[in-house]
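Some notes on the structure that comes next.
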Amino acid sequence: MQTRKIGFIGLGNMGAPMAANLAKAGCAVTGFDTAVTAAEGVTMAETAAAAAKGADVVITMLPNGQILRAVAAEVLPAMAEGTLLLDCSTVEVESARAVADLASARGILCVDAPVSGGIGGAAAGTLTFMAGGSEAGFRTAEPLFEIMGQKAVHCGGPGAGQAAKICNNMILGATMIATCEAFALADKLGLDRQKMFDVVSTSSGYSWSMNAYCPAPGIGPQSPADNGYQPGFAAELMLKDLGLSQQAAEAVDADTPMGARAFELYRRFVEEEDGRGKDFSAMLPRFATRRRE
Ligand code: NAD
31 MQTRKIGFIG LGNMGAPMAA NLAKAGCAVT GFDTAVTAAE GVTMAETAAA
81 AAKGADVVIT MLPNGQILRA VAAEVLPAMA EGTLLLDCST VEVESARAVA
131 DLASARGILC VDAPVSGGIG GAAAGTLTFM AGGSEAGFRT AEPLFEIMGQ
181 KAVHCGGPGA GQAAKICNNM ILGATMIATC EAFALADKLG LDRQKMFDVV
231 STSSGYSWSM NAYCPAPGIG PQSPADNGYQ PGFAAELMLK DLGLSQQAAE
281 AVDADTPMGA RAFELYRRFV EEEDGRGKDF SAMLPRFATR RRE
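Dropping the structure here:
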């Protein structure tokens with residue numbers, strides 16, 4: 031790939047390793063973050079607009095939609111027509127579409143491409159990107175997806191990447207809870223956890239939560255449960271994504287009772303039950319110590 035000039039805004043847990051991988055692959059990366067952060071091979075700028083100026087592609091990896099909108103309003107005027115704004119943050123579908131409209135009014139391509147794969151995937155360059163935007167935008171982003179990830183799916187028009195991400199994570203939140211409550215029930219029925227895994231992981235109750243990320247320590251492949259439930263994927267990040275799913279469901283009048291219940295359980299876990307900072311699979315010890323409500 032020809033050397034590209036990239037502006038990278040938001041060099042946190044995810045952004046810093048992603049930007050470092052782009053630099054390692056030969057891109058000229060200029061970064062900006064409001065906090066004191068750094069990424070290997072990345073030159074830091076004084077402002078977001080300065081990082082965006084002269085860039086072929088500006089990538090954002092920010093905490094939420096409100097911040098994304100503010101950053102987009104600042105960087106888009108600094109970007110040239112025909113360049114690409116590639117947002118990899120997880121935000122509401124509505125913010126993704128609003129930013130795409132702002133970009134389009136200036137003749138700038140825009141793709142929303144939230145990721146799956148976490149901090150480990152960001153460091154290893156094995157993220158999965160779920161992309162929404164025009165064909166031209168997706169094609170422009172593709173070589174960068176190849177550097178930062180292992181798979182990119184073009185899901186549809188603006189906001190489609192965010193829609194795919196929150197639907198996936200709504201399923202994940204609900205199946206993790208179902209897996210954890212079933213383990214806790216099995217415990218109380220005197221069923222050995224290994225036997226439970228052996229049966230469910232090869233039966234119709236199987237899921238990614240059970241088979242690939244088993245919440246029971248010492249069982250199944252290596253997972254955060256084997257490391258004292260250190261994240262991994264923190265419970266508060268799951269709560270954020272479940273909140274986005276419920277916001278979206280309300281906006282389009284969709285009935286999502288399991289998603290709503292999963293949101294409420296993770297909200298209680300994070301805000302009232304000491305779940306903050308723990309992996310989202312720490313729902314298992316939570317259920318294991320509870321009685322029927
Ligand atoms: P983070 O909080 O570590 O990083 C966000 C960075 O943005 C911080 O360094 C912060 O200082 C910076 N920032 C905030 N406001 C800014 C502004 N106005 N201008 C420039 N920089 C600003 O968060 P993260 O874990 O890197 O997550 C980033 C995004 O990726 C989030 O939307 C998150 O939901 C999503 N995500 C995270 C994970 C994960 O495992 N951490 C997995 C998938 C998706």
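If you number the sequence shown the way this note's numbering does, the last residue is 323 and the count never jumps. Every residue gets a Cβ at the ideal spot worked out from N, C-alpha and C, and that includes glycine.
{"query": "If we ignore side chains and look at the alpha-carbon of each, how far apart do Gly-258 and Ser-311 end up?", "result": "10 Å"}
{"query": "List the DSSP bridge partners of Gly-186.", "result": "Gly-162"}
{"query": "Please confirm if the segment 300-319 is in contact with the segment 245-262, defined as three or more CB-CB distances below 8 Å between the two stretches.", "result": "yes"}
{"query": "Considering only residues of the same chain and omitting the five flanking positions on each side of Thr-156, which have a CB-CB separation below 7 Å?", "result": "Gly-147, Gly-179, Gln-180"}
{"query": "With a Cβ-Cβ cutoff of 8 Å, do Pro-245 and Met-288 count as a contact?", "result": "no"}
{"query": "Looking at Gly-71: is its Cβ nearer than 8 Å to the Cβ of Lys-54?", "result": "yes"}
{"query": "When you compare the CB positions of Val-141 and Gly-112, do they come within less than 8 Å of one another, or not?", "result": "no"}
{"query": "Nearest by alpha-carbon distance to Met-200: which of Met-74, Leu-267, Asp-283 is it?", "result": "Leu-267"}
{"query": "I need the DSSP call for Ser-146, collapsed to helix, strand or coil.", "result": "strand"}
{"query": "Are Ile-249 and Gln-224 closer than 8 Å when you measure CB to CB?", "result": "yes"}
{"query": "Using the rule of at least 16 other Cβ atoms within 10 Å of the residue's Cβ for burial, across every protein chain shown, is Ser-275 buried or exposed?", "result": "buried"}
{"query": "What does the alpha-carbon distance come out to for the pair Val-230 and Gln-96?", "result": "41 Å"}
{"query": "Alpha carbon to alpha carbon, what distance is there between Asp-285 and Ala-154?", "result": "37 Å"}
{"query": "Would Gly-189 and Ala-126 qualify as a contact pair, given that the criterion is a beta-carbon distance under 8 Å?", "result": "yes"}
{"query": "Suppose you measure from the CA of Gly-150 to the CA of Phe-38; what does that come to, to the nearest Å?", "result": "19 Å"}
{"query": "Inspect the beta-carbon positions of Leu-272 and Ala-292 and report whether they are closer than 8 Å.", "result": "yes"}
{"query": "Determine whether the beta carbon atoms of Asp-117 and Arg-34 lie at a separation below 8 Å.", "result": "no"}
{"query": "What would DSSP say about Gly-191, mapped onto helix, strand or coil?", "result": "helix"}
{"query": "I'd like to know if Glu-122 contacts chain C, where contact means its C-beta is closer than 8 Å to some C-beta of that chain.", "result": "Structure shown: chain C not included; a single protein chain is present."}
{"query": "Out of Met-44, Thr-209, Leu-139, which one is the CA nearest neighbour of Trp-238?", "result": "Thr-209"}
{"query": "Shorter than 7 Å, the distance from the beta carbon of Met-268 to the closest heavy atom of the ligand NAD, or not?", "result": "no"}
{"query": "Got a sec, what are the start and stop residues for the alpha helix (DSSP H) Gly-220 sits in?", "result": "Counting along the chain, Gly-220 falls outside any alpha helix (DSSP H), and DSSP gives it neither H nor E."}
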